[in-house]
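Trainee:
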Ligand SMILES: Cc1ncc(C[n+]2csc(CCOP(=O)(O)OP(=O)(O)O)c2C)c(N)n1
Ligand code: SF4
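Protein chains in written order, with this note's numbering: chain W, 25 to 272; chain X, 26 to 96.
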């Protein structure tokens, strides 16, 4: 009997606190599997954010460090510079990375820090109760945009992959989605590549993962996946925005 | 077609039903007569001979509850 799929050794045995059907769990698996497959789990150091994944240090079976809200790329920079042989990643939500942490991510990319960033874009602040995020779609209702986000006054949702693709130091930029198995497999390849880049010393890599927050979107997990596909992908197109081979 | 064996670590399941939606053979059902340790209806498969061991249920499970083997 051959194993087709089993729980990754890159995860601890802890049960996660994530809500039923939350894609944080899927993203965790992909990171864990990638570290195992590349044989770097022993020397991996993850940096956890503030947000629902604040307890990620309990779930990844490698060394972890908690960072202040939005500062994960700065903390990862410090760890990687002091311990260049370690494989260092940050794992951040969109409130963390695209709001309070915009400065840190933009400058880490400009410096082309040799780190891997896993960016979870679920278009909302999950942990704090469903407030509008910079990535919340126009018209999307949240607890702080009860009539739907408006362009006037609240601005357009920020497209992080496109924004960072303009940065010369951002060597690898890709956007993937976690809404079905086909896309989850593609997301895995993107995450593997983002870690491989770091192993090969290629510089800053980021993978933006379109994700769901069923609880704060007020949808069942299955309906949330559909909502992601129908509403997020048209505004946040999937694809490779930068590769290390291409200079700008 | 390959045949499969699917094992659910039922007490870790949060009843999200993503596995049932992802299964191309639609053989995963939630057991409405059972409640697991977390208080959710866990999944089960009646017609396991229909399983093609594709691993889609396990791939999408956010809680790594599912092991799939190819017979
Ligand atoms: C300095 C600071 N400001 C604000 C907060 C409150 N806060 C906690 S998590 C969060 C945003 C979480 O959203 P996101 O990063 O999208 O992660 P998610 O919970 O959706 O995974 C905010 C604003 C905080 N903890 N610290
Ligand atoms: S609040 Fe949203 S992002 Fe947070 S664990 Fe629940 S579903 Fe996931």
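Just so you know, even glycine gets a beta-carbon here, dropped at the ideal spot from N, CA and C.
Comparing C-alpha positions only, which one of W:210, W:180 and W:189 sits nearest to residue 259 (chain W)?
Mentor: W:180
Trainee: So that I know if they touch, is there some Cβ in chain C lying closer than 8 angstroms to that of residue 55 (chain X)?
Mentor: Any reference to chain C falls outside this structure, whose protein chains are W and X.
Trainee: DSSP has residue 109 (chain W) in a bridge; who is on the other side?
Mentor: Bridge partners of residue 109 (chain W): none, in fact.
Trainee: Can you tell me which of the three DSSP states residue 30 (chain W) falls into?
Mentor: coil
Trainee: For ligand 1, is there a heavy atom less than 7 angstroms away from the beta-carbon of residue 282 (chain W)?
Mentor: Look at the range of chain W in this structure, 25 to 272, and you will see that residue 282 (chain W) is not part of it.
Trainee: Hey, does residue 94 (chain X) have any beta-carbon neighbour from chain W nearer than 8 angstroms?
Mentor: yes
Trainee: Count the CB pairs spanning the region 160 to 176 of chain W and the region 193 to 208 of chain W that are closer than 8 angstroms, and state whether there are at least three.
Mentor: They do not touch, by the three-pair rule.
Trainee: By how many angstroms is the C-alpha of residue 137 (chain W) removed from the C-alpha of residue 104 (chain W)?
Mentor: 8 angstroms
Trainee: May I ask which residues mark the beginning and end of the beta strand (DSSP E) holding residue 173 (chain W)?
Mentor: From DSSP, residue 173 (chain W) is part of no beta strand (DSSP E); its letter is neither H nor E.
Trainee: Taking the alpha-carbon of residue 88 (chain W) as reference, which of W:36, W:230 and W:150 has the nearest alpha-carbon?
Mentor: W:36
Trainee: Please work out which residues of its chain come closer than 6 angstroms, Cβ to Cβ, to residue 158 (chain W), disregarding the five sequence neighbours upstream and downstream, and give them in chain order.
Mentor: 122, 123 and 182
Trainee: Residues of chain X with a CB under 7 angstroms from the CB of residue 70 (chain W): which are they?
Mentor: Per Cβ cutoff of 7 angstroms: no residues; residue 70 (chain W) is ~17 angstroms from chain X at best.
Trainee: Got a sec: is the Cβ-Cβ distance from residue 70 (chain X) to anything in chain W below 8 angstroms?
Mentor: Output row for residue 70 (chain X): interface = no.
Trainee: Is the number of C-beta pairs between the region 73 to 80 of chain W and the region 114 to 134 of chain W that are closer than 8 angstroms three or more?
Mentor: yes
Trainee: Taking 8 angstroms as the threshold, find out whether the region 54 to 66 of chain X comes into contact with the region 240 to 255 of chain W through three or more Cβ pairs.
Mentor: no
Trainee: What is the chain-ordered set of residues for which the beta carbon lies under 6 angstroms from any non-hydrogen atom of ligand 2?
Mentor: W:42, W:43, W:46, W:48, W:76, W:146, W:150, W:151, W:237, W:238, W:239 and W:240
Trainee: Roughly how many angstroms lie between the CA atoms of residue 227 (chain W) and residue 26 (chain W), to the nearest whole one?
Mentor: 37 angstroms
Trainee: Alpha helix (DSSP H) containing residue 250 (chain W): first to last residue?
Mentor: 245 to 251
Trainee: Beta carbon of residue 119 (chain W): closer than 7 angstroms to some heavy atom of ligand 1?
Mentor: yes
Trainee: Please list, in chain order, all residues of the same chain as residue 94 (chain X) whose beta carbon is under 6 angstroms from its beta carbon, the five residues on each side excluded.
Mentor: 30
Trainee: I want to verify the contact list: residues of chain W whose CB lies under 7 angstroms from the CB of residue 80 (chain X), in sequence order.
Mentor: 28 and 29
Trainee: Any contact of the region 65 to 78 of chain X with the region 262 to 269 of chain W, i.e. 3+ C-beta pairs under 8 angstroms?
Mentor: no
Trainee: For residue 96 (chain X), count neighbouring Cβ atoms within 10 angstroms of its own Cβ and tell me buried if that reaches 16, exposed if not.
Mentor: Exposed is the call here.
Trainee: On the three-state DSSP scale, how would you describe residue 87 (chain W)?
Mentor: strand
Trainee: Since residue 65 (chain W) and residue 34 (chain W) are thought to touch, with beta carbons under 8 angstroms apart, how far apart are those beta carbons, to the nearest angstrom?
Mentor: With 8 angstroms as the limit, residue 65 (chain W) and residue 34 (chain W) qualify as a contact, their Cβ atoms being about 5 angstroms apart.
Trainee: Is residue 27 (chain X) buried or exposed, if buried means 16 or more other CB atoms sit within 10 Å of its CB?
Mentor: exposed
Trainee: To the nearest angstrom, how far is it from the Cα of residue 42 (chain W) to the Cα of residue 220 (chain W)?
Mentor: Distance between the alpha carbons of residue 42 (chain W) and residue 220 (chain W) is about 28 angstroms.
Trainee: Buried or exposed for residue 91 (chain X), please, with buried defined as at least 16 other CB atoms from any protein chain shown within 10 angstroms of its CB.
Mentor: buried
Trainee: Between the region 234 to 256 of chain W and chain X, which residues of the former have a C-beta closer than 9 angstroms to a C-beta of the latter?
Mentor: Hits within the stretch, in order: 238, 244, 245, 246 and 249.
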